[in-house]
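Enquirer:
Residue numbers (the numbering used here): 21 to 218.
Next comes the structure, spelled out in structure tokens:
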């Protein structure tokens, strides 16, 4: 089997395959045998009629087409395996030469995985990292104290105590806001939390 490849645009590849007559005629023989089992010829058991009678019944082209189909199925798979072609999907097949006594020639156009060329990215990343100067972050003692107070306040657990309230204590109050002794709408609340001195 002879294989020629040609790169086409858009990640396609044309594979031209020539199957020698010696190999191709074996597929014709197998096709005749298979067809003879499926047809009835008077005076013969299925699969036992001579080729000439089978050709008369179904036509020579039917035999050649069946043989070509089997040949292409096998040789295409062999070709992409031998040439290490990463084919995608089903190929488009075009038969170029189909005749008894001659080689079988066909071409298969198939999509292939696109070639990806990687740039030397490691050197670029190393250069970026080398040129990058990080800013040094400094935190003052006052900023640190403020953040620690916020953290402590967020973790406070409220405990009821029996003493006078003082600044920083949390209390629940009931209130009513009024103007000229007239209550203002939505100006009241019960059990409203309040931190004294805030």
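Using N, Cα and C, we set each Cβ at its ideal position, and we do this for glycine too. Note that the coordinates shown come from a computational prediction; the quantities given were computed from them, not determined experimentally.
1. Classify residue 107 as helix, strand or coil using the three-state DSSP reduction.
2. Once DSSP output is grouped into helix, strand and coil, what is the label at residue 135?
3. Can you tell me whether residue 191 is buried or exposed, with buried defined as 16 or more other CB within 10 angstroms of its CB?
4. Compare the beta carbon distance of residue 52 and residue 95 with 8 Å and say whether it is the shorter of the two.
5. Indicate whether residue 33 and residue 136 have their beta-carbon atoms separated by less than 8 Å.
6. May I have the straight-line CA-CA distance separating residue 149 from residue 138, to the nearest angstrom?
7. Give the range of the alpha helix (DSSP H) segment to which residue 153 is assigned.
8. Do residue 44 and residue 116 have their CB atoms nearer than 8 Å?
9. Helix, strand or coil, according to DSSP, for residue 117 in the structure here?
Expert: Walking through what the data contain:
1. Locating residue 107 in the chain shown gives position 87, where the first residue counts as 1. The answer is strand: DSSP assigns residue 107 an E or B state.
2. As a first step, residue 135 is located in the chain shown; it is residue number 115 there, counting from the start. If DSSP states are grouped into helix, strand and coil, residue 135 belongs with coil.
3. Position 171 of the chain shown, counted from the first residue, corresponds to residue 191. With fewer than 16 other Cβ atoms within 10 Å, it is exposed.
4. For the purposes of this step, residue 52 is identified with residue 32 of the chain shown, where counting begins at 1. For the purposes of this step, residue 95 is identified with residue 75 of the chain shown, where counting begins at 1. Cβ atoms of residue 52 and residue 95: not closer than 8 Å.
5. The residue labelled residue 33 in the question sits at position 13 within the chain shown. The residue labelled residue 136 in the question sits at position 116 within the chain shown. No, the Cβ-Cβ distance between residue 33 and residue 136 is not below 8 Å.
6. Taking the first residue of the chain shown as 1, we reach residue 149 at position 129. Taking the first residue of the chain shown as 1, we reach residue 138 at position 118. Approximately 20 Å between the Cα atoms of the pair.
7. Locating residue 153 in the chain shown gives position 133, where the first residue counts as 1. Under the DSSP assignment, residue 153 falls outside any alpha helix (DSSP H); it carries neither an H nor an E label.
8. Counting from 1 along the chain shown, the entry for residue 44 is found at position 24. Counting from 1 along the chain shown, the entry for residue 116 is found at position 96. No.
9. Locating residue 117 in the chain shown gives position 97, where the first residue counts as 1. Correct three-state label for residue 117: strand.
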